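**Q** Below is one structure. I have some questions about it.
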Amino acid sequence: NGERLEGRCKQRLLVVANRLPVSAVRRGEDSWQLEISVGGLVSALLGVREFEARWIGWAGVNVPDEIGQKALTKALAEKRCIPVFLDEETVHQYYNGYCNNMLWPLFHYLGLPQEDRLATTRSFQSQFDAYKRANQMFAKVVNNIYEEGDVVWCHDYHLMFLPQCLKEYNNNMKVGWFLHTPFPSSEIHRTLPSRTELLRSVLAADLVGFHTYDYARHFVSACTRILGLEGTPEGVEDQGRLTRVAAFPIGIDSDRFVRALELPQVQDHINELKERFAGRKVMLGVDRLDMIKGIPQKILAFEKFLEENPSWRDKVVLIQIAVPTRTDVPEYQKLTSQVHEIVGRINGRYGTLTTVPIHHLDRSLDFHALCALYAITDVALVTSLRDGMNLVSYEFVACQGSKKGVLILSEFAGAAQSLGAGAILVNPWNITEVASSIGYALNMPADEREKRHLHNFMHVTTHTSQEWAATFVSELNDTIVEAQIRTRQ
Ligand code: ADQ
Numbered sequence: 012n013g014e015r016l017e018g019r020c021k022q023r024l025l026v027v028a029n030r031l032p033v034s035a036v037r038r039g040e041d042s043w044q045l046e047i048s049v050g051g052l053v054s055a056l057l058g059v060r061e062f063e064a065r066w067i068g069w070a071g072v073n074v075p076d077e078i079g080q081k082a083l084t085k086a087l088a089e090k091r092c093i094p095v096f097l098d099e100e101t102v103h104q105y106y107n108g109y110c111n112n113m114l115w116p117l118f119h120y121l122g123l124p125q126e127d128r129l130a131t132t133r134s135f136q137s138q139f140d141a142y143k144r145a146n147q148m149f150a151k152v153v154n155n156i157y158e159e160g161d162v163v164w165c166h167d168y169h170l171m172f173l174p175q176c177l178k179e180y181n182n183n184m185k186v187g188w189f190l191h192t193p194f195p196s197s198e199i200h201r202t203l204p205s206r207t208e209l210l211r212s213v214l215a216a217d218l219v220g221f222h223t224y225d226y227a228r229h230f231v232s233a234c235t236r237i238l239g240l241e242g243t244p245e246g247v248e249d250q251g252r253l254t255r256v257a258a259f260p261i262g263i264d265s266d267r268f269v270r271a272l273e274l275p276q277v278q279d280h281i282n283e284l285k286e287r288f289a290g291r292k293v294m295l296g297v298d299r300l301d302m303i304k305g306i307p308q309k310i311l312a313f314e315k316f317l318e319e320n321p322s323w324r325d326k327v328v329l330i331q332i333a334v335p336t337r338t339d340v341p342e343y344q345k346l347t348s349q350v351h352e353i354v355g356r357i358n359g360r361y362g363t364l365t366t367v368p369i370h371h372l373d374r375s376l377d378f379h380a381l382c383a384l385y386a387i388t389d390v391a392l393v394t395s396l397r398d399g400m401n402l403v404s405y406e407f408v409a410c411q412g413s414k415k416g417v418l419i420l421s422e423f424a425g426a427a428q429s430l431g432a433g434a435i436l437v438n439p440w441n442i443t444e445v446a447s448s449i450g451y452a453l454n455m456p457a458d459e460r461e462k463r464h465l466h467n468f469m470h471v472t473t474h475t476s477q478e479w480a481a482t483f484v485s486e487l488n489d490t491i492v493e494a495q496i497r498t499r500q
């Protein structure tokens, strides 16, 4: 009862993201099995005690019938989740098409092959219409549950049209929008046929957040150059109305990782791995199998290192864990084959009857196995070609309390701006540079490793996901109070 009373006093936070943090599997006409997926955003918001969070998003399944929709809505309500039902065609055009085929590559500076680019250009209008339609469906659900005083926090490139839709329902709604990917240079954004509509819609939010100052600056430049608006140190101004734009670098729930290392099952796992790789230094890559993560570049750099350093060939192993994503997309299938081919070639070239230099796994690891792997790693390799932040680098640092391993980090990951002083920064396109950084990391004296690690560990354990979420929401509340004061003056 006390808890309920406390709950009623807390401000409600409506978190809107494309996917709910729950996977739903249908077990019968009106029964569903739900599993919470603890991603970065979920753990970030679990730690924010001063708000009462509700989640709004797509459950990731097509539920065409009313009985199924009602049952799923009821089951999700217990997890404080509210579903948005999208039909298959909308998902295809909005999610696979506009979000993943158009915005994702563009925001990561990845050119599409000419043929795909032409095909995307032709289908652009219908995909953008579906994108707007989907965003309107999200807005409708948010508006249905919105109560005065709630804060609405929209997430990521899937929902750039949402702030405007929400303000059309209710101009007093407090709306924030945060982008998890990079925001590209305004010259890249200019090539997007829907460039104006997207910027205008995002500007309808009260607060717009990015991982880094650079992304925020690119966004403000896009607004000044494409929309002709005025950029100020606080954000973007349009006819006296200010949209606050700022950097809010995300973090991880570092305590969760540090605590996990104490668990007996993780310790057992650590001991097994240590035994398995005894006498060899362990290098690690953990990525979603995505073009942006630079996995082929990483493996080619490792090959170059082995080529140039024969004495290391039987003393080092690279473990690359790559979770397949978007497996139905031909470009991702091509990437998988490309990675397999390179790994096969290198293992054929430098392997022996008993060992191979690269262990490549096409799958996800459970949390405890991942922590154990981070803990026994000597050198982590993050070679993203572009990455909003990159949480793997943070997770590695959090698990290195005793080992004090080295992080080699792409200068194109947002994390380079926060962990740059402790990591070895590299240009992932320059495999000669990455190969020599591998040598430098493997030979690094203990005192330098310790100094670099301490710098990063301090950052990762103080700039947590909880702090990130709390800062964003309190800044959103402040922004609105300031705007009210300005209007009164
Ligand atoms: P992602 O592109 O998914 O996120 P990242 O930040 O590295 O990238 O987060 C990946 C998460 O998935 C990590 O928590 C990691 O542990 C987990 N993961 C990855 N591979 C795994 C594997 N093989 N097994 C188990 N777990 C695995 C997007 C942006 C990023 C941004 C985040 C948060 O692209 O740039 O940092 O959102 O804003």
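Position 299 (the sequence shown) corresponds to 310 in the numbering used here; numbering is contiguous.
Positions of the beta carbon are idealized from the N, C-alpha and C atoms, including for glycine.
These numbers come from a predicted model, not from an experiment.
(1) My assumption, with CB atoms under 8 Å, is that Val36 sits in contact with Trp43. Please give the rounded CB distance.
(2) Going by beta-carbon coordinates alone, are Cys110 and Val33 separated by less than 8 Å?
(3) Pull up the DSSP beta-bridge partners for Phe294, would you.
(4) Taking only the alpha-carbon atoms, compute the straight-line gap between Gly160 and Val393 and give it to the nearest angstrom.
(5) Name the one or two DSSP bridge partners that Leu25 has.
(6) As an exercise, report each continuous beta strand (DSSP E) stretch of at least 3 residues that is fully enclosed by the segment 356-424, in chain order.
(7) Run the proximity test for Leu376: is its beta-carbon closer than 7 Å to any non-hydrogen atom belonging to the ligand ADQ?
(8) Rounded to whole angstroms, what's the CA-CA distance from Glu493 to Ile237? Just pull it up for me.
(9) At which residues does the alpha helix (DSSP H) containing Thr84 begin and terminate?
(10) Under the rule that 16 or more other beta-carbon atoms within 10 Å means buried, what is Asn12, buried or exposed?
(11) What is the DSSP secondary structure of Glu245, reduced to helix, strand or coil?
(12) Among all the DSSP beta bridges, which residues are the ones paired with Arg211?
(13) With three or more C-beta pairs closer than 8 Å as the rule, is the segment 346-353 touching the segment 253-272?
(14) Taking 7 Å as the cut-off, is the CB of Glu406 close to at least one heavy atom of the ligand SAM?
(15) Would a C-beta distance cut-off of 8 Å place Val417 and Val445 closer than the cut-off?
(16) Just the Cα atoms here: how many angstroms apart are Ala432 and Gly122?
(17) Under a three-way DSSP split, which group does Gln250 fall into?
(18) Bridge partners for Ile353 per DSSP, in chain order?
(19) Nearest by alpha-carbon distance to Ile156: which of Val27, Val297, Ile387, Leu420 is it?
(20) State yes or no: is the C-beta of Val162 within less than 8 Å of the C-beta of Lys185?
(21) For the ligand ADQ, is there a heavy atom less than 7 Å away from the beta-carbon of Asn454?
(22) So, for Gly450: in the same chain, excluding its five sequence neighbours on each side, which residues have a beta-carbon less than 7 Å away from its beta-carbon?
(23) Could you spell out the range, first to last residue, of the alpha helix (DSSP H) harbouring Phe268?
(24) According to DSSP, simplified to helix, strand and coil, what is Gly450?
(25) Please state the DSSP three-state secondary structure of Ile491.
**A** In this structure, then:
(1) 7 Å
(2) no
(3) According to the sequence shown, residue 294 is Met rather than Phe. In DSSP, Met294 forms a bridge with Leu329, Val390.
(4) 41 Å
(5) As a beta-bridge residue in DSSP terms, Leu25 pairs with Arg65, Val163.
(6) 369-372, 390-393, 417-421
(7) yes
(8) 27 Å
(9) 77-88
(10) Here Asn12 scores only 35 on pLDDT, less than 50, and its place in the model should not be relied on; the value that follows carries that caveat. So Asn12 ends up on the exposed side.
(11) Coil, per DSSP.
(12) According to DSSP, which records beta bridges pairwise, Arg211 is partnered with nothing at all.
(13) The segment 253-272, when compared against the segment 346-353, does not touch it at the 8 Å Cβ threshold.
(14) The ligand content of the structure shown is limited to the ligand ADQ, which means the ligand SAM is not among them.
(15) The answer is no: Cβ separation not under 8 Å.
(16) 31 Å
(17) Assigned with DSSP and collapsed to three states, Gln250 falls in coil, not helix or strand.
(18) According to DSSP, Ile353 bridges with nothing at all.
(19) Val27
(20) Yes, Cβ-Cβ distance for Val162 and Lys185 is below 8 Å.
(21) Relative to the ligand ADQ, the beta carbon of Asn454 is positioned no closer than 7 Å to any heavy atom.
(22) Closer than 7 Å at Cβ, skipping near neighbours: Phe316, Asn320.
(23) 265-271
(24) The three-state secondary structure of Gly450, taken from DSSP, is helix.
(25) Three-state result, Ile491: helix.
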